[in-house]
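Novice: Residue numbers (the working numbering), protein chains in the order written: chain A, 29 to 492; chain B, 15 to 483.
Positions of the beta carbon are idealized from the N, C-alpha and C atoms, including for glycine.
Quick caveat: nothing in here was measured; it's all calculated off a predicted structure.
My questions will all concern the structure given below.
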Amino acid sequence: MSSLRDVEGELAAALKRLEGRCPYAETMAERTQGRRLRLDRETVTPQPLPRLEGVVFRAWDGSQWVEAAASGLSAHAVRSAVEGLMGRLPASGSSKGPPGPSATGRAERATTERRPIADVSFEELVAWGRTRLGWATSVAGIENALIAAQLAVDERLFLSTAGAYRFQHTARALGSVTPLAIEGGKVEFDYIQRGETGGAEVLDRLTEALVTHAAREARALLKAREPPTGPMNVVLDPTTTGTFAHESFGHGTEADQILRERSYLAPLLGTTVGPECLSIVDDGTYEGGWGSIYYDDEGTPSHRTVLIDQGRFVEVLHDRESAAALGRGVTGNARRADFLSRPFVRMTNTYVAPGSSSLDELVREAKNGVLLENFTSGIEDPLGGNMQLKVKKGRRIEGGELTEILPSMALSGKVLDFLKAIRGVSRREDFGVFAGFCGKGHSDLLRTGAGGPYLLSHAIVGPA
Amino acid sequence: MSDTNAFTAMRVADRLRHRTAAPWEVFGERLRRYEVHLNGDRVEMWRSPIELEGYGIRLFREGEEALGVGGAAATDLSDAGVEASLHDAETVARYGRFPARRISLPGPGSHYPEVDVVDRSLWAHPVEAIETYVHDLLEPFHGRSGVRPSFGSVRATLVEATLANSEGLQRRYAHTNVELELAVKAFGGAEGAPAGEYWATRRFRRLPGAQEVHADVDRWCRVAEDVRHAGSPVSAATNVVLPPGVLADILPTIVGFRLSGPAQLRKMMPPLDARVGAPILSIDDNGLEPFALGTAPSDDEGVPQARRPLLEGGLVRGSLTDRLHAGALGLSGGGGNGKRESAQFPNWFHFAEGLAPTSTTLEVPTGTGGSDDELIEAAREGLYVEQLGYAFPDPVSGAFGGELRAAYRIQNGRLGEPVRGGTIGGVVFAPEGAPSLLSQVQAIGSSTKLVGGLKTAAWLVGGMTVAGA
């Protein structure tokens, strides 16, 4: 298959056509491919990932952005997208360019794949899955497990009339094992998942120890009692801490929502919102992060942006337009889900930085409450400032000790109250960044990472 | 949409016919999408046209003990692109394994129902139709103080779906889809209350008229204003009235999986005739509901869609299958629910999705509970849930739950103060005798509404767990 770089000439010629009609235009061509696997005791389904390719053009018409896109990378597809866009541009528009700095210069980056995705055969992938199925079903009471893997390569080529050229080749691998426990009409499960930028070596992180632990947990969940309900001390595990950082705080720091007057955090910028042990970071450069990128979809290199620095809310996330409107620098957070989706200000890898406590100390400090483990979802409330986090399981905390396993739970509360109630954050050895998918509103799902260590605070908890 | 090269699946099918004697199927789509993005009450960006054409192939390798199912999907319609997809599908069919000996794909000659799935005005004049809709959406805000939209989009897609298979089937049909997202913000006032928001998301086949849009916007504004004055719920097991909009976020994902061939194959489906719901509860899967999202003349395997009973009087009466699972489960014929769409994560194009049995529109016959007011009166004390943060229905365990984003206390049989925060949750299915959403239904209202993949009236459910302050 030809390289995505081969369409540079076609795209550059198309931008030349647009140059006469608008003060600024840019294009992003994309190609995705790879392979995936779903496997359990009943079925084995290896598949190539859909080979999706296409191009999007964005132009500033003097007062706002307009876009058009088409699938395919042929001359016909490029022409179709450009002509679609020209149909929406005024015959004679303003010569005033778009707000914010335009990227310039040439740059290229590619993920280092220790085991290149292109070299992994379907036979190897199936063997990988069968091994994990064997580990899961070796645990008494577990007869089946859902195994999934995805090895994806995403190539993006960005060009603009300001002379920018960015090519990025990003490889990502994601694997999960979900042991199923079924008894008397009740179905329970636990899961283990690892997703990172990198090659097929990432799948090896799903070790026998992790898989058999998840299988034993699934079995135990069949007999788990209902969780306690109401306000209580909560310790979040690293996956849940990450969801908290992403959903509850991160979305409110997307500066386009601040410009829409849809962020409860806007008036708090520059103030202290939490204890000194709390720092929250969005880091598109995080090595191996599931949400890591080399350049955003305006051509800006990815950044590490500290959002909360030792309790003080110091920065938000920008694209070129919001940075210009708020008098700040770009932060490399203008992201498209794909060539079919528009760019928004989006997170990359958002996490709570490590603190100085141990998990044992946080549990002792909590005395009574719950440990929330294995996030399943969260949803933002950017205007209202509430939070919803959900987990697959947890542990009761009684007398400063972890006791019985608990089934799925939801956590809710006011984010600012939750921040103020934080009493400790655990150390680097507990820290991790995990794979997730994030929507802007309810659309435009893209890959983001989220993480942190253990964290102790106070919130309302109920069954979910 | 031009007819030139319209038959995506047929173009790929031509190659397959000459290449393999194995059973195969091609599902193609040509899509044209128009998007308007809003910032406050102004249009922030037009995105149009967005043109997408692609296909998904399934190729079956029949064996002594199992079927090898190969699949591939792509947007590259060049000779080399199609050849690469066929090679991929043949390769993975060697490693794929499904517990059926053969697949019985439908041939030509089936009778396909006439269904309403096209907004003709949108199809003929998409830009003008969307502009009118956006105008209708924003008009009620003009001159209104203290409430306005903050974030939103309207995304309309015109689809031409085509299907061909090795049995000689060739099908083609058109449909339209619209996605609306609008966050309505209530703010200002002398009392210094915090701003409130109602976050509306809707998916439908046709653009609603001005009167319906204005009524919706009025209600969203009212809820956004109420949220500003909301109190906290208290922890309790309580009566809850759930309107169709909340149930639509829970039931299709969980019922659509737990009463399906894949669940049956994995021993997760309750047995036929088992009691899983209250005697007043029945649920059909209705693939023919006019202008419903799941409606089509055929499923994505080419089997005519129909109405199929799933629950009758709380007892399990049927399951959702495609031809592949019907074969594995020893059901003669079967199928009709093989869709390339996930109920949990719906996408605006389907050719790239895997095919699996999925609910079309779950339809709950009306009950005798009367209007929402009568259900509230019957509840006496409890909560009316207007909106959850996200119910996150888990199809495997059947659990659901989320934060109360907008709710009202029910006191003495009447709606009381607004409530926000805390969580509500439970399970949809439970072993007989254990509490569940389906088993705790006490009354079903008398007036149904179609929301997403569900047509139902509101439910009064007893003993739901609320976690509050």
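1) Roughly how many angstroms lie between the CA atoms of B:L261 and B:L221, to the nearest whole one?
2) Assuming B:G275 and B:L389 form a contact by the criterion Cβ under 8 Å, report the distance between their Cβ atoms to the nearest whole angstrom.
3) Three Cβ pairs or more, each shorter than 8 Å: is that satisfied between the stretch 92 to 99 of chain B and the stretch 146 to 158 of chain B?
4) Note down the Cα distance separating A:A87 from A:L46, rounded to an integer number of angstroms.
5) Find out if the Cβ-Cβ distance for the pair A:I425, A:A394 is shorter than 8 Å.
6) Would you say the stretch 218 to 231 of chain A touches the stretch 450 to 457 of chain B, given that touching needs at least three Cβ pairs under 8 Å?
7) Between A:D366, A:V230, A:A209, A:V419, which lies nearest to A:L250 when the distance is taken from Cα to Cα?
8) Can the beta-carbon of B:G415 be found closer than 8 Å to that of A:P491?
9) From B:S296 to B:A457, what distance separates their C-alpha atoms?
10) Helix, strand or coil: which one does DSSP assign to A:S122?
11) Which class does B:R216 belong to by DSSP, given the choice of helix, strand or coil?
12) Assign A:S123 to buried or exposed, taking buried as 16 or more other Cβ atoms, counted over all protein chains shown, within 10 Å of its Cβ.
13) In the DSSP assignment, find the unbroken beta strand (DSSP E) run with A:A491 in it and report its ends.
14) Under DSSP, the beta strand (DSSP E) around B:G347 begins and ends at which residues?
15) Considering only C-alpha positions, which residue in the set B:S124, B:M24, B:S246 is nearest to B:G436?
16) So, helix, strand or coil for A:I145, using DSSP?
17) A:E401 and A:K421 look like a contact to me (Cβ under 8 Å); what is the Cβ gap, rounded to whole Å?
18) On a CA-only basis, which of A:T71, A:L101, A:R79, A:L43 is nearest A:K57? Give me that one, please.
19) Take B:L256 and list the residues in its own chain whose beta-carbon comes closer than 7 Å to its own, dropping the five residues that flank it on each side.
20) Against chain A, with Cβ distances strictly below 8 Å, would B:T105 count as a contact?
21) Could you tell me which residues DSSP pairs with A:E493 in its beta bridges?
22) I'd like to know whether the C-beta of B:H51 is nearer than 8 Å to at least one C-beta of chain A.
23) Using a Cβ-Cβ cut-off of less than 9 Å, list which residues of the stretch 167 to 183 of chain A approach chain B; keep chain order.
24) Are the CB atoms of A:R244 and A:L411 nearer to each other than 8 Å?
25) Among residues of its own chain, excluding the 5 on either side of A:T431, which ones have a beta-carbon nearer than 6 Å to its beta-carbon?
26) Report back the beta-carbon spacing between B:V141 and B:S62 to the nearest angstrom; my notes put them in contact at under 8 Å.
27) Quick one: what does DSSP say A:L447 is sitting in, helix, strand or coil?
28) Please list the partners that B:I294 has in chain A, where partner means a Cβ-to-Cβ separation under 9 Å.
29) If you drop the 5 nearest sequence neighbours on each side, which residues of the same chain put their C-beta closer than 6 Å to that of A:E183?
30) May I ask you to report which of helix, strand or coil DSSP gives B:M15?
31) Buried or exposed for B:V480, going by 16 or more other Cβ atoms inside 10 Å?
32) Looking at the unbroken beta strand (DSSP E) that takes in A:C466, where does it start and where does it end?
33) Look at the alpha carbon of A:D265 and the alpha carbon of A:G479, and state the distance between them as a whole number of angstroms.
34) Could you check how far apart the C-beta atoms of B:G368 and B:V317 are, in whole angstroms? I think they sit under 8 Å.
35) So what does DSSP say about A:L46, is it helix, strand or coil?
36) Out of B:L152, B:A250, B:G291, B:L468, point me to the one whose CA is closest to B:R423's CA.
Specialist: Short version:
1) Counting from 1 along the second sequence, the entry for residue 261 of chain B is found at position 247. Counting from 1 along the second sequence, the entry for residue 221 of chain B is found at position 207. About 22 Å.
2) Mapped onto the second sequence, residue 275 of chain B falls at position 261. Mapped onto the second sequence, residue 389 of chain B falls at position 375. B:G275 to B:L389, Cβ: 35 Å. No contact.
3) no
4) Indexing the first sequence from 1 puts residue 87 of chain A at position 59. Indexing the first sequence from 1 puts residue 46 of chain A at position 18. The straight-line gap from Cα to Cα measures roughly 8 Å.
5) In the first sequence, residue 425 of chain A corresponds to position 397, counting from 1. In the first sequence, residue 394 of chain A corresponds to position 366, counting from 1. Contact: yes.
6) no
7) Numbered from 1 along the first sequence, position 222 holds the residue referred to as residue 250 of chain A. Ranking A:D366, A:V230, A:A209, A:V419 by Cα distance to A:L250 puts A:A209 first.
8) Here residue 415 of chain B is taken as the residue at index 401 of the second sequence, counted from 1. Here residue 491 of chain A is taken as the residue at index 463 of the first sequence, counted from 1. Yes, the Cβ-Cβ distance between B:G415 and A:P491 is below 8 Å.
9) The residue you call residue 296 of chain B lines up with position 282 of the second sequence. The residue you call residue 457 of chain B lines up with position 443 of the second sequence. Computed Cα separation, rounded: 12 Å.
10) For this step, residue 122 of chain A is matched to residue 94 along the first sequence. Coil.
11) Indexing the second sequence from 1 puts residue 216 of chain B at position 202. Reduced to three states, the DSSP call for B:R216 is strand.
12) Position 95 of the first sequence holds residue 123 of chain A. By the 10 Å Cβ count, A:S123 comes out exposed.
13) Residue 491 of chain A sits at position 463 when you count from the first residue of the first sequence. A small correction: the amino acid at residue 491 of chain A is Pro; Ala does not occupy that position in the sequence shown. Residues 483 to 491.
14) Here residue 347 of chain B refers to the residue found at position 333 when the second sequence is read from its first residue. Per DSSP, B:G347 belongs to no beta strand (DSSP E) and is neither H nor E.
15) Within the second sequence, numbered from 1, the residue matching residue 436 of chain B stands at position 422. The shortest C-alpha separation from B:G436 is found at B:S246.
16) As a first step, residue 145 of chain A is located in the first sequence; it is residue number 117 there, counting from the start. Helix at A:I145.
17) Indexing the first sequence from 1 puts residue 401 of chain A at position 373. Indexing the first sequence from 1 puts residue 421 of chain A at position 393. The pair is a contact, with the Cβ atoms about 5 Å apart (cut-off 8 Å).
18) As a first step, residue 57 of chain A must be located in the first sequence, where it is residue number 29. Sequence inspection shows Ala at residue 57 of chain A; the Lys mentioned does not correspond to that position. Among A:T71, A:L101, A:R79, A:L43, the Cα nearest to that of A:A57 belongs to A:L101.
19) On the second sequence, residue 256 of chain B is found 242 positions in, with the first residue counted as 1. Hits under 7 Å: V399, A472, W473, V475.
20) The residue given as residue 105 of chain B occupies position 91 in the second sequence. B:T105 counts as touching chain A.
21) Given that chain A is displayed from residue 29 to residue 492, the structure contains no residue 493 of chain A and the question cannot be resolved.
22) Along the second sequence, one-based indexing puts residue 51 of chain B at 37. Yes, contact with chain A.
23) E171, N172, L174
24) Against the first sequence, residue 244 of chain A aligns to sequence position 216. Against the first sequence, residue 411 of chain A aligns to sequence position 383. Cβ atoms of A:R244 and A:L411: not closer than 8 Å.
25) Numbered from its first residue, the first sequence carries residue 431 of chain A at position 403. Excluding residues within five positions, the ones whose Cβ falls inside 6 Å are R424.
26) Position 127 of the second sequence, counted from the start, is the residue given in the question as residue 141 of chain B. Position 48 of the second sequence, counted from the start, is the residue given in the question as residue 62 of chain B. Right, the Cβ-Cβ distance comes to about 7 Å (below 8 Å), so this counts as a contact.
27) Here residue 447 of chain A is taken as the residue at index 419 of the first sequence, counted from 1. Helix.
28) For the purposes of this step, residue 294 of chain B is taken as the residue at position 280 of the second sequence. Correct list: empty, because the minimum Cβ distance to chain A is about 21 Å.
29) Indexing the first sequence from 1 puts residue 183 of chain A at position 155. Only L32, R59, H197 meet the Cβ criterion.
30) As a working note, residue 15 of chain B is residue 1 in the second sequence. Its pLDDT being 43, under 50, B:M15 is placed unreliably in this model, and the value from its coordinates should be taken loosely. Note: B:M15 maps to coil in three-state DSSP.
31) Position 466 of the second sequence, counted from the first residue, corresponds to residue 480 of chain B. Answer is buried; the Cβ neighbour count reaches 16.
32) As a first step, residue 466 of chain A must be located in the first sequence, where it is residue number 438. Looking at the DSSP string, the run of the beta strand (DSSP E) that includes A:C466 is 460 to 468.
33) As a first step, residue 265 of chain A is located in the first sequence; it is residue number 237 there, counting from the start. As a first step, residue 479 of chain A is located in the first sequence; it is residue number 451 there, counting from the start. Roughly 9 Å separates the two Cα atoms.
34) The residue you call residue 368 of chain B lines up with position 354 of the second sequence. The residue you call residue 317 of chain B lines up with position 303 of the second sequence. About 17 Å; that fails the 8 Å criterion.
35) Against the first sequence, residue 46 of chain A aligns to sequence position 18. In the structure shown, A:L46 sits in a helix (DSSP, three-state: H, G or I).
36) Your numbering for residue 423 of chain B matches position 409 in the second sequence. The option with the nearest alpha carbon to B:R423 is B:A250.
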